[in-house]
Amino acid sequence: MIDEQLGLDTAAAEQTVVSVFRQIVAVLASRSNAAIDDVALFHLANTLFAAFARAGEDGLTTEQIKAACAAFPDELVKDRLSVLKGLGAIQPAFDKPYQREYRASFTSYVSMLFVQRMLARGGQSELHQLLTMEKIRLEGGESTAEEALEVVVGITTALRLLVAELVALTVSGTVENLRERAPLLWNAKSLIDQASAVHEILLQFWPALSRKCGELRSAIAAYEDASTNASARLMAAAGTSRALNLLPPEMWKRFANRASVDELAAVLVDQVFDAPSPWHDVADLAEAVACTSRTTTNRPTPPRSPVPDNKEQPYQEWKDAEAERLAAIAEEALSGEDSVAVEHLLSDIGWVTARRLLSDLTAASNNDRLPYRLTWTGPVQVRAGSVPSWLTWGVFERVRRPA
4 MIDEQLGLDT AAAEQTVVSV FRQIVAVLAS RSNAAIDDVA LFHLANTLFA
54 AFARAGEDGL TTEQIKAACA AFPDELVKDR LSVLKGLGAI QPAFDKPYQR
104 EYRASFTSYV SMLFVQRMLA RGGQSELHQL LTMEKIRLEG GESTAEEALE
154 VVVGITTALR LLVAELVALT VSGTVENLRE RAPLLWNAKS LIDQASAVHE
204 ILLQFWPALS RKCGELRSAI AAYEDASTNA SARLMAAAGT SRALNLLPPE
254 MWKRFANRAS VDELAAVLVD QVFDAPSPWH DVADLAEAVA CTSRTTTNRP
304 TPPRSPVPDN KEQPYQEWKD AEAERLAAIA EEALSGEDSV AVEHLLSDIG
354 WVTARRLLSD LTAASNNDRL PYRLTWTGPV QVRAGSVPSW LTWGVFERVR
404 RPA
């Protein structure tokens, strides 16, 4: 079942890669079925470029290319080579007739790195870089009014498309689809600040673009609302601990290194982290939890008549009966001795039985009317594969209670 689930997860991840890749190359495609539809083709291209990089300026022959891609089917390699040669990603190494060596295009490999980053970040990082470069260019004072108009229209269009996708995923999409596009929410505040800075520069140097700048302000505000609503849905669906995934790991590492103890504690005070997988069987844990006594709030006992109702056991007698039951269990555990180690009591009796015995001994120790005490000392010892799998050194002993 686990292998099947891993296979489904892998297939879903690969399908996501292909889907995003098709969106990236859509503007360059000549036909709707021109983009790759198998993630293996993407891996094959990566293997090819790595082989060409190792070969250096000498290049690779067709036979060497096939040997480097031996992990892929021959027909797949042959078809892929034909496509890459036709588009110029693989070119003749030397300008001579009947040459056999080929070299890979630097431009094609850089574009593949760009695609890989787009697959991981969803395009938001590229939008960050675009805003940074446009801000530097506009601040230099060398841009024309036509270039400024092109900048404001391009940024507004990008933000509107980003907002439309986030709103659709938040309102009508599934949580799984929204989680796959979570990189669109990373560093949203920084993106808003960058876009606002570009807006201020445009409005300062080109007042005639005030109407277009107004559209940009609306797009920025819409993105802020859309990212907030999308993050709220992810938090509600995934829980507090999963909400940490909305931030990139680099940001958490940087904050953990620079923050003081108080600042870090303030961030983590309301976080709930998953516990590690237990060594106990799930059925045993469920039964142990089901047998746990339910705690009640400390409320004052309402006044009652000292005369018991018909067929009702008086409260004092009920307390005495419970104390007698706990005392019998305690004496059986002590077996005539004044004290006994908890380790000997819980060893080799099964988790469920040990859980019940420990609960009864704790109740006997907490009962002020019973002469027993359960004390714990020393560190916790983890014993994988044993019952119990964790152990704290303790002693259950008979004591004299003050009258």
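Residue numbers for the sequence shown follow my numbering, beginning at 4 and rising by one. All residues carry an ideal CB built from backbone N, CA and C; glycine is no exception. Small disclaimer: the values here were computed from a predicted structure and weren't measured.
For S368, the enclosing alpha helix (DSSP H) stretches over residues W354 to N369. DSSP places V343 in the uninterrupted beta strand (DSSP E) bounded by S342 to A344.
For G89, the enclosing alpha helix (DSSP H) stretches over residues D77 to L90. A contact between stretches requires three or more CB pairs, one per stretch, nearer than 8 Å, and the segment 80 to 89 fails this requirement with the segment 133 to 149. Non-local C-beta neighbours of V343 in its own chain, meaning closer than 8 Å and more than five positions away in sequence, comprise A336, L337, V398, F399 and E400, ordered along the chain. For V383, there is no enclosing alpha helix (DSSP H); the enclosing beta strand (DSSP E) has its first and last residue at Y375 to V385. Taken through DSSP and simplified to helix, strand or coil, G397 comes out as strand.
For a cut-off of 8 Å, the C-beta gap from G62 to A96 is around 3 Å, short enough to register as a contact. Taking the Cβ atoms as the reference, I332 lies roughly 5 Å from D363, within the contact range of under 8 Å. Under DSSP, the beta-bridge partners assigned to Q94 are R106. As a beta-bridge residue in DSSP terms, L63 pairs with Y105.
Nearest neighbour of V178 by Cα position, chosen from M238, R403, G339 and G353, turns out to be M238.
With fewer than 16 other Cβ atoms from the protein chains shown falling within 10 Å of its own Cβ, S175 counts as exposed. With fewer than 16 other Cβ atoms inside 10 Å of its own Cβ, K256 counts as exposed.
Straight through space, the alpha carbons of Q94 and F258 are spaced by roughly 47 Å. With at least 16 other beta carbons inside 10 angstroms of its own, S146 counts as buried. Secondary structure note for A211: it is in no alpha helix (DSSP H), with a DSSP letter that is neither H nor E. Between F75 and A53, the C-beta gap is not smaller than 8 Å, which leaves the two residues out of contact. Here T135 carries a helix assignment [DSSP, helix/strand/coil].
As the crow flies, the alpha-carbon of L377 is around 26 Å from that of A289. Burial of H202 is indicated by the presence of at least 16 other C-beta atoms within 10 angstroms of its C-beta. Selection E340, E327, H347 and F55 evaluated against Y105 yields F55 as nearest (Cα-Cα).
In the structure shown, A74 falls within a coil segment according to DSSP collapsed to helix, strand and coil. The Cβ atoms of R236 and T173 lie closer than 8 Å to each other.
Across the set F208, Q207, A171 and L219, the C-alpha of A171 shows the shortest separation from the C-alpha of S230. DSSP, reduced to helix, strand and coil, places D351 outside both helices and strands of the structure shown, so it counts as coil.
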